[in-house]
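Accompanying notes for the structure given below.
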Amino acid sequence: MAKKEKSLKEVFTAGFIKENPVLRLVIGTCPTLAVTTMASNGVGMGLAATAVLVCSNAVISALRKFIPDKIHIPVYITIIAAFVSVVQMIVQAYAPALDAALGVYLPLIVVNCIILGRAEGFAGKNKVLPSILDGLGMGLGFTIALICMGSIREILGSGTWFGIQILPSAVDPMLIFILAPGGFFVFGMLMACANWLAGKKGKKPATLGCAACPAASSCSKATEGGCE
1 MAKKEKSLKE VFTAGFIKEN PVLRLVIGTC PTLAVTTMAS NGVGMGLAAT AVLVCSNAVI
61 SALRKFIPDK IHIPVYITII AAFVSVVQMI VQAYAPALDA ALGVYLPLIV VNCIILGRAE
121 GFAGKNKVLP SILDGLGMGL GFTIALICMG SIREILGSGT WFGIQILPSA VDPMLIFILA
181 PGGFFVFGML MACANWLAGK KGKKPATLGC AACPAASSCS KATEGGCE
């Protein structure tokens, strides 16, 4: 039986809960944990990644029939790096404080598993419009996860939200939430919430599968019929 093709709405909304790249697929966790000490950092990182996702997906999809299979990964990375460079220059020019806050994690979008995973698993196999919607949906899902995580950590760890004082000055913030242990705790709680919401809607845990893995062509499990 042929696999049912997703509608454009399903492609766009998949990244919100069902296939949320951070909370369900558990990719892109390094920048997620590193930059979410403040909600504003999460917004900046999320929007930057979304812009790169949409643009790179569109170009890769448009060129998918012209890119040789043997060199498609280097080509994808080159395309992604070009858009990351443009985004980084824009952020440096118009939001230098955000550029300083994100630090090395902004240029490292080039090797973010979310970007390359969607290029390999979706854009390289589908038309331009679905690829754009996939990039936009995954990017917004990533942004939502970063904002939620950054908001919780900033409110509890600093007493502020987007730099605005929320907790009374008499209440001492729990500094552990802006440190690594607090980040992992909030991350785990949000993952549990995402899994609960997906389960409530009858959606099975999502997986990228072998097809989306950059090393699929050289992996024995993939060539023998899929991962266990």
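Numbered by UniProt numbering, the letters in the sequence shown go through residues 1 to 228 in order.
Yeah, the Cβ is synthetic: ideal placement off N, Cα and C, and Gly gets one too.
Exposed unless 16 or more other CB atoms sit within 10 angstroms - verdict on residue i
| i | result |
| --- | --- |
| E19 | buried |
| V11 | buried |
| D99 | buried |
| C193 | exposed |
| S131 | buried |
| S85 | exposed |
Spatially closest choice to residue i from the options, by CA coordinates
| i | options | result |
| --- | --- | --- |
| M38 | A62, G183, A49 | G183 |
| L179 | V22, A34, L23, A49 | A34 |
| F66 | W161, A14, Y105, G124 | G124 |
| V87 | A97, V52, N57, G103 | V52 |
| W196 | K9, I17, L8 | I17 |
| Y94 | R24, S56, A48 | A48 |
| C30 | G157, L156, N112 | N112 |
Through-space distance from residue j to residue i, alpha-carbon basis
| i | j | result |
| --- | --- | --- |
| L190 | I144 | 11 angstroms |
| G159 | L167 | 5 angstroms |
| A62 | V75 | 13 angstroms |
| P173 | N126 | 48 angstroms |
| F185 | V26 | 15 angstroms |
| I114 | G121 | 10 angstroms |
| A206 | A170 | Any reading at A206 must be qualified, since the residue scores a pLDDT of 48, below 50, and its modelled position is unreliable; the value itself is stated next. If I take the Cα positions, the gap works out to 44 angstroms. |
| I71 | L108 | 21 angstroms |
| Q165 | S151 | 12 angstroms |
| G28 | G46 | 11 angstroms |
| Q92 | A101 | 11 angstroms |
| K6 | A14 | 10 angstroms |
Helix, strand or coil at residue i according to DSSP, with G and I counted as helix
| i | result |
| --- | --- |
| I164 | strand |
| E19 | coil |
| N195 | helix |
| K65 | coil |
| G124 | coil |
| R118 | helix |
| residue 252 | Nothing about residue 252 can be reported from this structure: the residues present for the chain run from 1 to 228 only. |
| E154 | helix |
| K9 | helix |
Expected contact under 8 angstroms - CB spacing of residue i and residue j to nearest Å
| i | j | result |
| --- | --- | --- |
| S40 | G163 | 7 angstroms |
| G135 | R153 | No, G135 and R153 are not in contact; Cβ-Cβ is about 27 angstroms, not under 8 angstroms. |
| I79 | I60 | 6 angstroms |
| V43 | I147 | 6 angstroms |
| M138 | T32 | With a Cβ gap of about 14 angstroms, M138 and T32 do not count as contacting. |
| V128 | A58 | 6 angstroms |
| A198 | R24 | 7 angstroms |
Residue i beta carbon near the ligand GTP (any heavy atom closer than 6 angstroms)
| i | result |
| --- | --- |
| L179 | The ligand content of the structure shown is nil, which means the ligand GTP is not present either. |
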